[in-house]
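So the protein sequences, as listed, match chains V and R. Mapped onto the working numbering, the consecutive letters of the first sequence carry residue numbers 1081 to 1330. Mapped onto the working numbering, the consecutive letters of the second sequence carry residue numbers 4 to 383. Taking it in order: structure first as structure tokens, then the write-up.
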Amino acid sequence: MVREMEKYLRPGIGVTTYCPGCGEAILQGLILRAIDELKLNMDEMLFVSGIGCAAWIPSPYFYADTLHTLHGRTIAFATGAKMVNPKLKVMVVSGDGDLADIGGNHLIHGARRNMDMTVICANNQNYGMTGGQVCATTPKGALTMTTHGGNPFRPFDLCRLVKAAGAVYVARYAVTQPMAMIRGIKKALQTEGFAFIEAVTPCPVQFGRRNRLGKPAEMLKDLMSRCVSEEKAETLSAEELKDKIITGEL
Amino acid sequence: MGKLTAKSVLPPGSYYFSGDEAVAEGAIAARCGYCAGYPITPATETLERLSVRFGEVGAVFMQMEDEIASACSCIGASWAGAKAMTITSGPGFSLMQEAIGYAVFTETPMVLVDAQRSGPSTGQATRVGSGDIMQAKWGSHGDYQTIALSPWSVQELYDQTINAFNLAERFRVPVFVMAEEATAHLHERIEVGADVELFNREKKPGAPPFGTEEADGVPPMPAFGDGEKLLITGSTHDEWGVRKITHPDIHQRLVTRLHQKILNRSQEIIKYDGYYLDDAQVAVVCYGFTARSALFAVEQLRGEGKKIGVLRLKTLWPFAGELIKDTGSRVGKIFVPEMNMGQVAGEVRKYALCDVVSYGQVTGEIIHPRTIMEQLRRLV
């Protein structure tokens, strides 16, 4: 992370927990840049996270009020805090397993209630912290520690799920789209109501390794090549869209 | 902060409430700022009343998507500065256990009212039971201490709900009001005084929020937005909340302090009533609604000259072990009637050096005074 962002980091905590090549460290920087560009006061912000790799993005690193909660329950915790103190600018940062598997019910109800919060879901397509098991966003056929013959089930389209549940701002960007991601996070933070960003991020150690996706740099290049905008996607056939990730405001 | 006397929110006087309604009014009297819950028999009426009354007093009521979310949102609300409460019954209480452990470990004050019904599982959903007493003690994983109160009347549901908030704020711990369907749905007259004694959590800017110099201390508690840049985690942490999960000493010290902050104040926390104990040869140790039947039964038997007394526990956790030990040394037998298979009787046996006779009834009905009289006649 660049020096100018260091003021947002909790003093005394120098080492991050990310594996080599993890995209979540990129996301961490992008969130802080968005906050910096909006000149938000960190003393008025509350970061709520759950359990898993992505839950470490704000906690303990961000120098603000941070609540590192139970697995899956982030949005419920955040709801209580926001209802009591509406002045808090609440951001939830957690992973796909946390928000969409064990916490899926709270995710859709947070969106349905249109709770005024920004939810950033780092989607690395598997449970990274526990060693790379299948989760609700793992692509069909993908190899994981609990799907050795390939994932037999379809993944969630998180953005469509949350949009259908009533979120007022929904966007998907990959960590390989830093400028678009910063713009998206800023917009989400400026949105009144439930704003959701699916941040697609590579997990070279747990997911990439098992699916032979190459080194971290190769995974990033692959991610870049697979991202298409919604406008572009409309011009592509179903066959061409296979394995593509549609990004942008949805 | 700390102890204070406040005006009653309800105008002083007599009221005719159900137990569930009394819980709602007790919460309002205690200045509860946030209540979240999920409908469940026999606790629903408290939510219904609060959904109206909280609007009048400017507090936040949320009906959440389940009991897990209810308990978790209370923790968020508590750290945002509000006194927080959730209300449920057995199945919901089971769902809340993980959040209870989190509240214990992060020293989050909150009140949980469990209007107990007959279990296990869905059980007899509309019938009474007292089967959650051990769950209140051991329901979440790991070693911890909480406080559990056992009211026997609608008046006590009101008073004990206020007391539960005071204890939660004083000790930064989840406090359980172990109501029962029989008291939750009972309608009685209660008296509301002009003033109410309250305790509000201590704040001390700049002080560590998760540690004290004393081995049994209760740290001050800042709120989100105070600029304290709080670091809160359910992992083992030092006094500033910094995660320290591989340090044997830190975990040992933290878990020990969370025990000692409650156990070393047992004298202050534990409340009980004794009746006819001076010359008693048998003591009936009881709690909750069953204590009403027990006292009635013992008064009848006193008329027959039977030397029986009643020890009514108003606090179940921390357990009144010393009191039981002392009582046991002065009577020949202790009789424990309860609407479960002997949960408190087992605890009594840990301390009493005399015979302990357990009477467990799980019919979904209250224990009739006649039943207690029959049992006691066999003992005396």
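We treat Cβ as the ideally placed atom computed from N, Cα and C, and that holds for glycine. Treat the numbers as computed from the prediction; the structure is a model and nothing was measured.
Counting only the Cα atoms, V/PHE1276 lies some 10 Å from V/GLY1264. Its chain contains ASN1206, TYR1207, THR1224, MET1225, THR1226 as the residues whose beta carbon lies nearer than 7 Å to that of V/GLN1213, once the 5 sequence neighbours on both sides are disregarded; these appear in chain order. Taking 8 Å as the threshold, the shortest C-beta distance from V/GLY1160 to chain R falls below it. Cβ neighbours of V/ALA1313 within its own chain (closer than 8 Å, five residues either side excluded): LEU1321, LYS1324, ILE1326. Three or more Cβ pairs closer than 8 Å define a contact, and the region 274-290 of chain R falls short of that threshold against the region 232-252 of chain R. By the Cβ criterion, the region 1084-1097 of chain V is not in contact with the region 247-258 of chain R, since fewer than three pairs of Cβ atoms, one from each stretch, lie closer than 8 Å. R/THR8 counts as exposed, since fewer than 16 other beta carbons sit within 10 angstroms of its beta carbon. Counted as a single uninterrupted DSSP element, the stretch harbouring V/HIS1148 is not any alpha helix (DSSP H) but the beta strand (DSSP E) occupying residues 1145-1148. Here R/GLY95 really is in contact with R/TYR41; their C-beta atoms are around 6 Å apart, less than 8 Å. Secondary structure note for R/PRO251: its alpha helix (DSSP H) is the uninterrupted segment 251-266.
Look at V/HIS1189 here: in three-state DSSP terms it is helix.
Inter-segment contact for the region 369-382 of chain R and the region 158-171 of chain R is absent: fewer than three beta-carbon pairs are separated by less than 8 Å. Remark: C-beta atoms of R/ALA83 and V/ALA1161 approach each other more closely than 8 Å.
A Cβ-Cβ separation of about 5 Å places V/GLU1104 in contact with V/ALA1202 under the 8 Å criterion. If you draw a 10 Å sphere on the C-beta of R/VAL301, you find 16 or more other C-beta atoms in it, and that means buried. Residue state for R/PRO372 is assigned as helix, using DSSP reduced to three classes.
By the beta-carbon neighbour count (other beta carbons within 10 angstroms, threshold 16), V/PHE1233 is exposed.
The way I'd put it, the region 57-74 of chain R does touch the region 27-46 of chain R; three or more beta-carbon pairs between them come closer than 8 Å.
For the region 174-193 of chain R, the beta-carbon criterion of a distance under 7 Å to any beta-carbon of chain V is satisfied by none of its residues.
Counting along the chain, R/LYS206 sits inside no beta strand (DSSP E), nor does DSSP assign it H or E at all.
The Cβ atoms of V/VAL1128 and V/LEU1147 sit closer than 8 Å to each other. Contact with chain V is absent for R/MET344, since none of that chain's Cβ atoms lies less than 8 Å from the residue's Cβ. Within chain V, the residues HIS1148, THR1149, LEU1150 have their CB atoms less than 8 Å from the CB of R/GLY237, given in chain order. Near chain V, meaning a CB-to-CB distance below 8 Å, the residues of the region 87-110 of chain R are ALA87, GLU101, ALA102, TYR105. Just measuring C-alpha positions, the residue of R/CYS357, R/MET342, R/LYS353, R/ARG315 sitting nearest R/ARG333 is R/CYS357.
Shortest Cα-Cα distance from R/ASP117 to any of R/MET88, R/TYR105, R/VAL107 involves R/MET88. When the five nearest sequence neighbours on each side are left out, the beta carbons in the same chain lying within less than 6 Å of the beta carbon of V/ALA1247 are those of ALA1191, PHE1274, PHE1276, in order along the chain. At a cut-off of 8 Å, the C-beta of R/PHE227 has a neighbouring C-beta in chain V.
The Cβ atoms of R/ALA151 and R/LEU261 lie no closer than 8 Å to each other. A straight line joining the alpha-carbon of R/ILE272 with that of R/GLU325 spans about 13 Å. At the C-beta level, R/ALA74 and R/ALA33 stay beyond 8 Å of one another. Residue pairing by DSSP places V/PHE1274 opposite V/MET1197 in a beta bridge. Between the C-alpha atoms of V/VAL1255 and R/PRO177 there is a straight-line separation of about 41 Å. With fewer than 16 other Cβ atoms inside 10 Å of its own Cβ, R/TRP141 counts as exposed.
In summary, the residues of the region 1119-1131 of chain V whose CB is separated from some CB of chain R by less than 7 Å are ASP1123, GLU1124, LEU1126, in the order they occur in the chain. In the three-state reduction of the DSSP assignment, V/LYS1301 falls in the helix class.
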